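Numbering (our numbering), first residue to last: 13 to 322.
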Amino acid sequence: MHIEYRVTKDNDNQKVSQILKSRLKFSRGEIRRIKRCAGLMVNDQTVRLNALVKEGDLIRVNFQDDVAQPVIPQDIPLNILFEDEHILAVNKPFNMLVHPLSYHVLNTLANGVIYHWQQQGHNSKFRAVSRLDKDTSGAILIAKSSYSCHQLSEQMKNGLCQREYLAVVHNRVTMESGIIDLPIGRPDDDSLIFGVTDQGKEAVTHFTVIQRFASGSLVKLRLGTGRTHQIRVHMKHLGHSLMGDDLYGGSLDLILRQALHSWRLEFNHPVTKEKMQLEAPLPTDMTSLIHKLKNDGRELNCLDSQLRLE
């Protein structure tokens, strides 16, 4: 993998290291790694970080493959939404961990991604930029290099990466839309669940009602922050636990996992800077749930006719 940058007039007679930091937004750690692996070239010639460049020169940074891979490769089918040499986006199924744990080393998304990459002749660490709970399905973004990971993480931190979810919640949400700005934390150190608490961290969730049913609502949610269980905690606090989310008061009568799906990701490509918009279709268990709720004959309204549920 590599990235290239054509030197502009503004960068004429500057050191390569200055351009890497100011223009390409490399972190200090990444610049040190480039120095160690001699992966820096100008006009196809290997150079040092302190080399001066002029307008029109072509800077090329070659990324070395990562060393020993701690994740066991495993042939797991992947529903790939997008892939190039810098990033991978996958539609993760529910009932799948993203990362291996000490007691769960196989059948995770990371196992399947590492196997997929090795079949391509590519060796890289698994770097998930976004996170999803085991039983949350949908789009997840993975970086193929430390540089791409850093760029995307900065977008996340600065609110430049938009993450939208679809959820089916209990009861009819009366407001058309709103912002939930309530801090989230553990009620106590030994608690396995999170809740709204004054001692928690800032958490912001934007929501819009898509469709109302007699006993539930289909809601679109956008994260302003990324706290653990944020959507689940915020919706429970409003009195609208997610269907299937028994950890936070939801019923398992119609679906056997929390009805939450990472539907859309919007971000700038870490290298090309192109505006990216990726959508992950709803899985069958959630479309079936929605159809069950619609077929009771008491559907109330639909605010977003563009949302495709089929």
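The C-beta atom is built at its ideal place from N, Cα and C for all residues, glycine as well. Remember, predicted model here, so these are calculated numbers, not experimental data.
Of the residues the options, the one placed nearest residue i, counting alpha carbons only
i	options	result
Leu259	Val245, Leu250 and Leu266	Val245
Phe225	Val180, Phe38 and Ile154	Val180
Glu214	Val221, Val231 and Leu194	Leu194
Phe94	Gln86, Asn103 and Ile88	Asn103
Ile92	Pro112, Met53, Phe138 and Ala151	Ala151
Ser229	Met247, Thr240 and Gly212	Met247
Asp257	Ser142, Glu97, Arg18 and Asp147	Asp147
Gln242	Ser136, Gly212, Ile222 and Ser227	Gly212
Pro82	Val59, Gln131 and Ser136	Ser136
Cys161	Ala140, Thr58 and Gln289	Ala140
C-beta contact flag for residue i and residue j at 7 Å
i	j	result
Gln163	Pro282	yes
Gly124	Leu90	yes
Ile43	Leu32	yes
Val216	Thr186	no
Glu176	Arg239	no
Leu64	Ser29	no
Tyr115	Pro85	no
heavy atom of the ligand MN below 6 Å from residue i C-beta
i	result
Cys161	Of the ligands one can find in the structure shown there are none, so the ligand MN has no counterpart to examine.
DSSP state of residue i mapped onto helix, strand, coil
i	result
Glu42	helix
His128	helix
Val181	strand
Met298	helix
Met74	According to the sequence as given, residue 74 is Asn; it is not Met. Correct three-state label for Asn74: strand.
Ala122	helix
Val208	strand
Lys232	strand
Asp22	helix
Per-residue burial, residue i [other beta carbons within 10 Å of its own, 16 or more giving buried]
i	result
Ser317	Residue confidence is low: Ser317 scores 38 on pLDDT, short of 50, so the model does not pin down where it sits. Its coordinate-derived value is still stated next. With fewer than 16 other Cβ atoms within 10 Å, it is exposed.
Tyr6	Since the first residue of the chain shown is 13 and the last is 322, residue 6 is not available in this structure.
Ser253	buried
Thr120	buried
Gln270	buried
Asp55	Correcting the residue type first, residue 55 is Asn in the shown sequence and not Asp. That one is exposed.
Leu52	buried
Arg18	exposed
Ile205	exposed
- Validate contact between the region 264-276 and the region 288-306 using beta carbons, cut 8 Å, 3 pairs: Flag = yes, the region 264-276 and the region 288-306 touch.
- Query: If we count Cβ pairs, one from each stretch, closer than 8 Å, do we get three or more for the region 111-123 versus the region 52-72?
  - Reply: By the C-beta criterion, the region 111-123 is judged not to be in contact with the region 52-72, since fewer than 3 inter-stretch pairs fall below 8 Å.
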